[in-house]
Structure formats: structure tokens, C-alpha cells
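Per full-length UniProt numbering, residue 1 is the first one in the sequence shown, and the count goes up by one each step.
Notes for the one structure printed next.
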Amino acid sequence: MARSISSGGSSSRSASSSWAGLEGEATSSPIPYREGPLEYWPAQMCKCGKKAARWISWSDDNPGRRYLTCLRRRLGGCDLWIWAENSTTTPFVRQLLVDLRDMVWRLKRERREMQAELREAKRMLQEQRAIPEAELRALQEQLQAKDNEISVLRARVSDLEKQKRMFAYGVAGCAALLMYFRPWM
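Written out as C-alpha cells, the structure is:
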């Protein structure tokens with residue numbers, strides 16, 4: 001393995017490469033890592049005395065090239081930064097990798113945007129459904145109130161019909177008494 005010490009010798013993009021398993025950092029790699037940053041052999045020790053992490057550069061100058069750096073570099077670790085291997089990429093393959101990387105990043109961005117639009121559409125649909133549901137609940141409450149009013153009115157009608165029958169019996173009884181006593185008068 002040829003190694004050259006560098007202070008960020010690729011571009012700023014290689015420094016932004018990360019592994020999703022490192023304390024919640026989001027990955028900027030266009031493809032998932034096939035192995036963790038510490039899953040290589042033989043171990044290369046950093047200046048901190050710990051095993052250096054192996055990452056993949058996705059810079060325009062060195063796409064797909066692996067490098068070693070301190071695992072805690074962004075969190076105050078040492079400044080170790082060396083290439084893990086010589087560049088064997090031809091200019092054609094380098095440009096092809098950059099184009100593929102850009103396409104993957106563009107597709108991931110479009111996917112995130114589409115997912116955000118889908119979430120917004122679902123939220124709007126739920127809001128639109130909530131309006132008719134609220135109206136339906138209000139109408140059901142009105143219907144229940146009318147049903148209660150009808151029950152009260154039916155009870156009142158029943159009472160009035162009973163009173164009407166009693167009055168009719170009373171009138172019939174009075175008429176019968178009048179007829180009974182009238183011949184004697």
C-alpha cells in the first residue's frame with residue numbers, strides 16, 4: 001500500500017465523506033459502505049494511538065479512492081490523513097465515477113423532495129378529510145338533537161291524546177246524563 005501524508009490533498013468533498021455508523025452522522029457517500037471504517041487489516045494506527053478509520057473519497061479528483069484518517073478527527077482528534085492506496089483510476093473512469101456519484105446524489109435529493117411532497121400531500125388530504133368529518137359530526141349532533149326533540153313532542157302528543165280521550169269521555173258522559181235527565185224536565 002502506498003501512502004502519502006496530506007493535509008486534505010483531495011478536495012473538500014473527500015473530507016465530507018463519512019460513515020453512517022459514526023455517532024449519528026449522515027452519510028454523504030453515494031453508496032453504502034460495504035464494511036465499517038475500522039474493518040480492515042493490517043491496522044494503521046493514528047497519532048492518537050487508536051486504529052485509523054478508512055473512508056472512501058468522493059471528490060472530483062479521487063472518486064472511489066480510499067484514505068485513512070483519525071476516527072475522531074472532526075471531534076478534536078489528531079490530524080492524520082493518508083491515502084490507503086495508490087490511484088489506479090484512468091481519467092475516463094474517474095469522470096465516469098464522478099458522473100455516477102452526481103447522478104446518485106441528484107436521485108437521492110429528488111427522492112427526499114418527493115417524500116417531502118408526499119408527506120405534505122398526505123397532510124393536506126387529512127386536513128380536507130377533517131373538514132367533512134367535522135361537518136358530519138355537526139350534522140350528526142343536529143340530528144340527535146332533532147331526534148330528542150321528536151321524542152319529547154311524541155310524548156307530548158301522547159299526553160294530549162290521552163287528555164282528548166278523557167275530555168271526549170267527559171263530554172259523552174255529560175251528554176248521556178243530559179239525555180237521561182232531559183225527559184223528566
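By construction, the Cβ of each residue, glycine as well, lies at the ideal position given by its N, Cα and C atoms.
C-beta contact flag for residue i and residue j at 8 Å
i, j, result
"residue 187", "Leu-68", "Within the shown structure, residues of the chain are numbered from 1 to 185, placing residue 187 beyond reach of any answer."
"Gly-64", "Thr-89", "yes"
"Pro-37", "Arg-54", "yes"
"Ala-43", "Leu-80", "no"
Reduced DSSP category for residue i - H, G, I as helix; E, B as strand; rest coil
i, result
"Ala-130", "helix"
"Tyr-40", "coil"
"Pro-91", "helix"
"Tyr-33", "coil"
"Ser-28", "coil"
Euclidean distance between Cα positions of residue i and residue j
i, j, result
"Leu-22", "Met-114", "Its pLDDT being 35, under 50, Leu-22 is placed unreliably by the model, and nothing is read from it."
"Arg-94", "Arg-101", "10 Å"
"Lys-108", "Ser-28", "11 Å"
"Cys-174", "Arg-182", "12 Å"
"Ala-26", "Arg-66", "For Ala-26, the pLDDT reaches just 41, beneath the cut-off of 50, and the residue's location in the model is therefore unreliable, leaving the point undetermined."
"Ala-176", "Arg-165", "16 Å"
Closest residue to residue i among the options (Cα-Cα distance)
i, options, result
"Cys-46", "Gly-170, Ala-168, Lys-164, Leu-71", "Leu-71"
"Asp-99", "Pro-37, Val-152, Pro-30", "Pro-30"
List, from N- to C-terminal side, the beta strand (DSSP E) runs of 3 residues or more that fit wholly inside the UniProt domain "GRF-type" (46-87). 53-56, 66-69, 81-83
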